[in-house]
Amino acid sequence: MTIRPGTTFLDDRGRVAQLHGIGVQRVGDRWFAWGEDKTAGQTFTAVACYSTADFATWRFEGNALEAADGDIGPDRVVERPKALRRPDGTWVLLLHIDTTDYAAARVGYAVSDRPEGPYRYMGSERPLGNVSRDIGVYQEAGIGYLLSEDRDNGLHLYRLRDDYLAVESIVATLRQQMRPEIGYESPTLVKHEDRYHLFGSDLTGWSLNDNMHATAGTLEGPWSPWRGFAPAGSRTFDSQVSVVVPVDSGFIYVGDRWQSDDLFHSPAVILPLRIDGDSAVLEWRDAWTPGEA
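First residue of the sequence shown: 1, per the numbering used here; consecutive thereafter.
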């Protein structure tokens, strides 16, 4: 199947796939994806779950989490759904939990026996007392990690507790080189060979920007200076990174092209990403076939 970046994708029901802000994990021979259902615009409707074998065709697996009370009420903001599977087999869904004025700034946790859910919401926290907005996750050797944007202090890489339902400690904190020396949002982290690669977006709201990339030999650092990975001035091909996915043929970049006045129809930019040593390169393709990553 052919992928055309910058378009909306339809699921197996013929409906617009709600892939916004997605997290992705491989489950058997398919990739599962959890996205923000933007039926209600900014406020919470559900976390939709899909699966795909090729990032071109999407099968709806159901709503992993639906609006209820409190943190996940229909008047709240629930974003950046990212899932991890604990060593005991339990799936944990991590979420950015907020109010419409973004004053709450918390990370939420939900659990399920199945990747598609339904998930049971467990509550939220400000990790170690810090503001938490956009999030990402990473897992290695059974240890779970949370990436969390804290514009007061920087982009934190936290180690999660053994049950993945709270933060245990800070592993590293990264800031921008330029002023103001804040962190990056919408973070995602992958490892290639012996290097960790961290990607993030500048804090410009719905407005797009040149996303950045840093590397390190260990999670603790030292981390390299931030550098662009798409052509300068392209605003990352008018997208904001959501996740970088390791696939058999390399890596796939999945970004959001936000339409603030019609979030439901915001397109996805899905492109092959080349990682080599300390470098990451994203190039535009009008159309491409999975397996070329």
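Virtual Cβ for every residue (Gly too), placed ideally from N, Cα, C.
- Sequence-distant partners of Met1 (beyond 5 residues in either direction) whose C-beta falls short of 8 Å from its own C-beta, in its chain, are Asp54, Ala56, Thr57, Thr289 and Pro290.
- Contact between the stretch 16-33 and the stretch 257-276 is present: three or more C-beta pairs spanning the two stretches fall below 8 Å.
- Distance check between Ile170 and each of Asp262, Pro81, Asp113 and Asp150 places Asp150 closest, using alpha-carbon atoms only.
- Taking C-beta separations shorter than 7 Å and ignoring five residues to either side along the sequence, the partners of Asn209 in its chain run Ser201, Asp202 and Arg235, following chain order.
- For Leu128 and Ala46, the gap between their C-alpha atoms comes out near 27 Å.
- Spanning the alpha carbons of Ala68 and Pro231 requires a straight line of approximately 43 Å.
- Contact between Leu219 and Leu155 fails: their C-beta atoms lie close to 13 Å from each other, not under 8 Å.
- About 24 Å separates the beta carbon of Gly117 from that of Pro187, a gap too long to meet the 8 Å contact definition.
- The beta-bridge partner set that DSSP reports for Gly23 consists of Trp34.
- Straight-line spacing of the CA atoms in Glu181 and Arg126 works out to 21 Å.
- For Phe237, the enclosing alpha helix (DSSP H) has its first and last residue at Arg235 to Asp238.
- In the three-state scheme derived from DSSP, where H, G and I count as helix and E and B as strand, Pro246 is classed as strand.
- It is roughly 14 Å from the alpha-carbon of Val131 to the alpha-carbon of Asp101.
- For the alpha helix (DSSP H) assignment, the stretch 36-71 encloses no uninterrupted run of at least 4 residues.
- Judged by DSSP in its simplified three-state form, Phe9 adopts coil rather than helix or strand.
- By the criterion of a C-beta distance shorter than 6 Å, Arg227 is surrounded in its chain by His213, once the five residues flanking it on both sides are discounted.
- When C-beta atoms of the stretch 23-36 are compared with those of the stretch 1-12, fewer than three pairs fall below 8 Å, so the two segments do not count as touching.
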